[in-house]
Amino acid sequence: MKRRAKRDEQQFKISGTLLFVCAVFLLGGMLGSLLVPCLADDSQYYLSSVSAEGVGFKSFMLFNGLLIAAIFAGGFYSKGRPLILTAIAAKGFMCAFSVTCYIRAYGAKGYLPAFLSEFFSSLIVLPVMALMACRGLELCAEISRRGRGMTYMTHGGREYMTSAFVSLALTAAAGVIHCYIMPVITFMTAGFTA
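The sequence shown maps to residues 12 to 205 in our numbering.
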């Protein structure tokens, strides 16, 4: 009975943490959406540079890899919460900024390219980052409670490190989708938006 109550309490804590992480992501997204109207015609420049050069796999992995690294590093410190939450907000900011640039540049015709450019890669990357952030925030709290004397590897650190490598592998898969598959599909559907 105690075991079940403890498991239910842990599930509720993870759900609350996940809701908080989602709220931070949405806050970053709101800031990204609000910034685009302030840029005058720079959103068109952003889209032309992205479409001319394409989003390279290296730049996709660099940005998302840095965010995962920040989330991962934040989990090692008792005061790592701001780093984790900033990484989640930055991902929300960039997703909303990209989508809003498409919509601002192309009007109603920009919804399909915006959807195709962001949705499928974000479908993989966002849950990975959100779950990694939840685990990192949980470990931050555990380190805060236990103090400096805690040996990190004996209290969930191994699973956290494994999840970081799995997160990078899934992000690489999302990068392949984003950089190599989605531009072809977007080009094929360009006739529908013209």
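Built from N, CA and C at the ideal position, the CB exists for glycine as well.
CA-to-CA, the gap between residue 38 and residue 102 works out to about 10 Å. Per the C-alpha coordinates, the member of 107, 145 and 105 positioned closest to residue 174 is 145.
Residue 73 and residue 138 have their alpha carbons spaced roughly 18 Å apart. A straight line joining the alpha-carbon of residue 30 with that of residue 96 spans about 12 Å. In the three-state reduction of the DSSP assignment, residue 88 falls in the coil class, being assigned neither a helical nor a strand state. Across the set 115, 106, 83 and 88, the C-alpha of 115 shows the shortest separation from the C-alpha of residue 49. Per DSSP, residue 135 is one residue of the alpha helix (DSSP H) stretching across 122-157.
For residue 78 and residue 99, the gap between their C-alpha atoms comes out near 8 Å. The Cβ neighbour count for residue 43, taken over all protein chains shown within 10 Å, is at least 16; the residue is labelled buried.
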